[in-house]
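The block underneath contains the structure these notes are about, expressed in structure tokens.
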Amino acid sequence: SSSRSAAWPRLAPALAMAALASSARPLAGAMAARAMAPWAGARLCRCPLHPLAGARAAYSAASVDVESVDMPSYIPPKMGTRQRPQKTKELRELKLGFIGWGAMAQAVSLGILRQDLTDCSKVMASDVVPKILEAATREGLQTTSSAKELVDWADIVVMAVKPQVVEPVIANIAAHWRPNKILVSICAGITIDTYRQGLGPDAKIVRVMPNTPCLVGEAATAYAGTDNCVDWEMDLVHGMFESVGNATHRVPEYMLNAVTGLSGSGPAYVYMLIQAMSDAGVHGGLPRAVALSLAAQTVIGAAKMVQETGTHPAVLKEAVTSPAGTTIAGVRALEKAGFSSAIIEAVEAARTRAEELSRAPDFLRDSKPGQGKR
């Protein structure tokens, strides 16, 4: 610009001195030249006819020296900010303990053993019923009648007692709990906060809702964990239940009551369906064994059709339903009896009950003789 060109005569001596100084002290001279030229980063004209072309060229070279010093090509990382990779562990390396060894705990523990994820020496069961401990011993498990002893021994503790007695058990083991242990809860309706209130805010809790078909490797499971559970620990719990079922999902905790109503209690609904279909077969003249076999396999086959084809159940139903055929006659009878509504109401009732348990898990212990059960 004209104003910038007019300024050159006044600044020529200073720029020349800065250029000379830069030959002896490149960095100091360049910094001085930049401080005296407000347009230090601007592109300078290199026209040979300009009387100050040489001085400007010297300044330009000095500015390059400044840039090379100010912006190093390698910046070393700050010490202490790099995190070491977490050491992961396999289930075989850890001790697994079950407080309570009822139907669900048996399904999970024996399912894991049958999938060869660990061996009997690394699994312990604790229960207050001697006959249950005898059954666990026959399966080769370590046993104890003391929940405290189990907590001292185990790395992963599976809480598998009735929801109504969870809080007394927590109070019993709290003094023996250590922050590096993982508590896996399969108690319906008991929230993560319930455990953290008793075991401390740093306790690692994973709330899981599996179902009993894990005994035959066909569990449907959902789970949620606390933020202080590291990735490999969550993966470990995921692997435990994925090994005994084809549907394992991590969900927000608030969804687990719905999971309880659907897949946690769901096997009971399906057993009732199989029994009813078997009874109908017997009513039609089939031997009981034949009727039961056909009913069970029909449920298995239909479920596999949904899983393996990815087709919506309504579309699969239509594929079986011929106009004026036998299937539509049966579907009509089911709808007339409220079949779909009954299933929805069953799942909703179980979900509601799970929420009631999470709000008042001690309702049985609070009931007084003569008052009945709520």
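Counting in the numbering used here, the sequence shown runs from 32 upward without gaps. Note that beta-carbon positions come from the ideal geometry of N, C-alpha and C, so glycine has one too. The structure presented is a predicted model; accordingly, all values stated were derived computationally and were not measured.
Discussion item. Less than 8 Å between the C-beta atoms of Gly229 and Ala191, yes or no?
Written reply: Contact: no.
Worksheet item: What is the DSSP secondary structure of Thr342, reduced to helix, strand or coil?
Response: In the displayed model, Thr342 falls within coil according to three-state DSSP, outside both helix and strand.
Discussion item. In whole angstroms, give me the CA-to-CA distance for Thr342 and Glu349.
Written reply: Near 11 Å, if we compare the C-alpha coordinates of Glu349 and Thr342.
Worksheet item: Span of the alpha helix (DSSP H) holding Ser309?
Response: Residues 297-314.
Item to complete: Can you grab the Cα-Cα spacing for the pair Val351 / Thr329, in whole Å?
Response: Rounded to whole angstroms, Val351 to Thr329 spans 13 Å at the Cα level.
Discussion item. Let's see if you can read the secondary structure: which residues bound the alpha helix (DSSP H) around Thr358?
Written reply: Segment 357-367, the alpha helix (DSSP H) holding Thr358.
Worksheet item: Cβ of Val139 less than 8 Å from any chain B Cβ?
Response: Reference to chain B is not applicable here, since this structure consists of a single protein chain.
Worksheet item: If you drop the 5 nearest sequence neighbours on each side, which residues of the same chain put their C-beta closer than 7 Å to that of Thr119?
Response: The answer, listed in chain order, is Trp263.
Fill in: For Ala84, three-class secondary structure by DSSP
Because Ala84 sits at a pLDDT of 46, beneath the cut-off of 50, its placement in the model cannot be relied upon, and the point is left open.
Worksheet item: Would Ile213 be called buried (16 or more neighbouring beta carbons within 10 Å of its own) or exposed?
Response: So Ile213 counts as buried.
Fill in: Outcome for Gln173 when other beta-carbon atoms lying within 10 angstroms are tallied against a minimum of 16
The residue is buried, with at least 16 neighbouring Cβ atoms inside 10 Å.
Worksheet item: Between Gly369 and Val321, what straight-line distance do the alpha-carbon atoms span, to the nearest angstrom?
Response: When the Cα atoms are used, Gly369 and Val321 turn out to be separated by approximately 28 Å.
Worksheet item: Once you ignore the five residues that flank Glu170 on each side, which residues in its own chain have a CB closer than 6 Å to its CB?
Response: So no residue of the chain qualifies.
Item to complete: Going by DSSP, name the residue or residues bridged to Phe27.
Response: Since the displayed the chain opens at 32 and closes at 405, residue 27 lies outside it and no answer follows.
Worksheet item: Does the beta-carbon distance from Phe272 to Ala250 come in below 8 Å?
Response: Yes, these two residues count as a Cβ contact at 8 Å.
Practice prompt. Report the residue from Gly295, Gln146, Thr257 whose alpha carbon sits nearest the alpha carbon of Met135.
Written response: Closest in alpha carbon position to Met135, among Gly295, Gln146, Thr257, is Gly295.
Fill in: For Gly128 and Trp184, believed in contact at Cβ under 8 Å, the rounded distance
That belief holds up - the Cβ atoms of Trp184 and Gly128 are roughly 6 Å apart, short of 8 Å.
Practice prompt. Within 10 angstroms of the Cβ of Ala156, are there 16 or more other Cβ atoms? Answer buried if so, exposed if not.
Written response: Here Ala156 is buried. Its C-beta has 16 or more other C-beta atoms within 10 Å.
Worksheet entry | When Tyr226, Asn242, Thr243 are compared against Lys235, the one with the closest alpha-carbon | Lys235 has its Cα closest to that of Tyr226, out of Tyr226, Asn242, Thr243.
Fill in: Residues near Gly142 by beta carbon distance below 6 Å, same chain, minus five either side
Same-chain partners within the cutoff: Cys245, Leu246, Val275.
Worksheet entry | Span of the beta strand (DSSP E) around Leu317 | Element bounds for Leu317: n/a, residue is neither H nor E.
Item to complete: Taking Thr243 as the reference, give the member of Lys153, Leu287, Ala138 with the closest Cα.
Response: From the listed residues Lys153, Leu287, Ala138, the smallest Cα separation to Thr243 is found for Ala138.
Practice prompt. Would you mind reading off the limits of the beta strand (DSSP E) that contains Val237?
Written response: Here the beta strand (DSSP E) through Val237 covers 235-240.
Worksheet entry | Outcome for Tyr254 when other beta-carbon atoms lying within 10 angstroms are tallied against a minimum of 16 | Its Cβ being crowded by 16 or more others within 10 Å, Tyr254 is buried.
Worksheet entry | Reference Glu180, options Leu304, Trp208, Ile221, closest by Cα | When each option's Cα is compared against that of Glu180, the closest is Trp208.
Item to complete: Answer with buried or exposed for Val301, where buried requires no fewer than 16 other C-beta atoms within 10 angstroms of its C-beta.
Response: Classification for Val301: exposed.
Item to complete: Could you tell me whether the Cβ atoms of Ser389 and Thr222 are closer together than 8 Å?
Response: The criterion of a C-beta distance shorter than 8 Å is satisfied by Ser389 and Thr222.
Worksheet item: Do the CB positions of Leu325 and Val337 come within less than 8 Å of each other?
Response: Contact: no.
Worksheet item: Thinking just about the alpha-carbon of each residue, which of Ser216, Asp150, Pro161 is nearest to the one in Leu287?
Response: Closest by alpha carbon: Ser216.
Worksheet item: Would a C-beta distance cut-off of 8 Å place Pro194 and Gly220 closer than the cut-off?
Response: Result yes, Cβ atoms of Pro194 and Gly220 sit closer than 8 Å.
Discussion item. Cutting at 8 Å between CB atoms, please list the residues of its own chain near Leu148, excluding the five before and the five after it.
Written reply: Annotation for Leu148: Leu122, Arg123, Gly270, Met271, Ser274 place their beta carbon closer than 8 Å to its own, counting only its chain and skipping 5 residues before and after.
Item to complete: From the DSSP output, read off the bridge partner residues of Ile213.
Response: Ile213 pairs with Ile187, Lys235.
Discussion item. When you compare the CB positions of Leu293 and Val378, do they come within less than 8 Å of one another, or not?
Written reply: At the C-beta level, Leu293 and Val378 come within 8 Å of one another.
Worksheet item: Starting from His207 and walking both ways along the beta strand (DSSP E), at which residues does that stretch end?
Response: Per DSSP, His207 belongs to no beta strand (DSSP E) and is neither H nor E.
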